[in-house]
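What follows is one structure encoded as structure tokens, with my remarks underneath.
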């Protein structure tokens, strides 16, 4: 009986304490921040850059794709800002950081071709840009400076011939 009275009292106290207790609040997200950043057991997290990297594929447009031996492709890219700057690369080769991952050619629509490329750790797709494909009239040869013309001899006035009589 003593045990049941002791057990009843214990349960009454426990239930009263649980009924009167508040729900625990959520810990702030910065509470363990120092432990995450300066833990002696883990390496520090990678620094977060404020500036996102510029996409290297935005500056280039596709101007030529041709199949080459061994089921590969030769791709020619042109810079959108400097149209005279071109990059030509073959499948399996890397040039200026660019390498070809795949070529998706549309049947009947050659301008719909999409080349999937890799530059460093980034991958992206490059398409044809009709503005860069427009042919421009070739520039004519630069005008050569005119050579100075020699001065024309001015016709001199002829003196009439005077014949002196013999004495």
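In the working numbering, the protein residues as written are 22 to 188. Using N, Cα and C, we set each Cβ at its ideal position, and we do this for glycine too. All values derive from a computational prediction rather than experimental measurement.
Look up residue i in the DSSP assignment and give the residues it is bridged to.
i, result
"residue 94", "88"
"residue 132", "Answer is none; residue 132 lacks a bridge partner."
"residue 81", "100"
"residue 127", "130"
"residue 70", "Its beta-bridge partners do not exist; DSSP assigns none."
"residue 116", "119"
"residue 4", "The structure shown does not extend to residue 4, since the chain is modelled only from 22 to 188, so the question has no answer here."
"residue 187", "Answer is none; residue 187 lacks a bridge partner."
If we ignore side chains and look at the alpha-carbon of each, how far apart do residue i and residue j end up?
i, j, result
"residue 101", "residue 87", "21 Å"
"residue 50", "residue 137", "41 Å"
"residue 168", "residue 109", "43 Å"
"residue 135", "residue 149", "8 Å"
"residue 44", "residue 27", "28 Å"
"residue 72", "residue 107", "28 Å"
"residue 35", "residue 63", "41 Å"
"residue 164", "residue 104", "24 Å"
"residue 68", "residue 95", "38 Å"
"residue 114", "residue 46", "59 Å"
"residue 162", "residue 172", "29 Å"
Between which two residues does the beta strand (DSSP E) containing residue i stretch?
i, result
"residue 60", "Element bounds for residue 60: n/a, residue is neither H nor E."
"residue 145", "143–148"
"residue 52", "Premise fails: residue 52 is in no beta strand (DSSP E) and is neither H nor E."
Which residue comes first and which comes last in the alpha helix (DSSP H) that contains residue i?
i, result
"residue 234", "The structure shown does not extend to residue 234, since the chain is modelled only from 22 through 188, so no value can be given for it."
"residue 151", "151–154"
Among the options, which has the Cα closest to the Cα of residue i?
i, options, result
"residue 98", "32, 74, 91 and 78", "78"
"residue 147", "91, 80 and 128", "80"
"residue 76", "119, 38, 42 and 112", "119"
"residue 116", "93, 131, 141 and 128", "141"
Can you find at least 3 beta carbon pairs, one from the segment 82–99 and one from the segment 143–155, that sit closer than 8 Å?
A contact exists between the segment 82–99 and the segment 143–155.
Taking contact to mean 3 or more Cβ pairs, one atom from each stretch, closer than 8 Å, check whether the segment 109–125 and the segment 53–63 are in contact.
With the cut-off at 8 Å, the segment 109–125 and the segment 53–63 do not touch.
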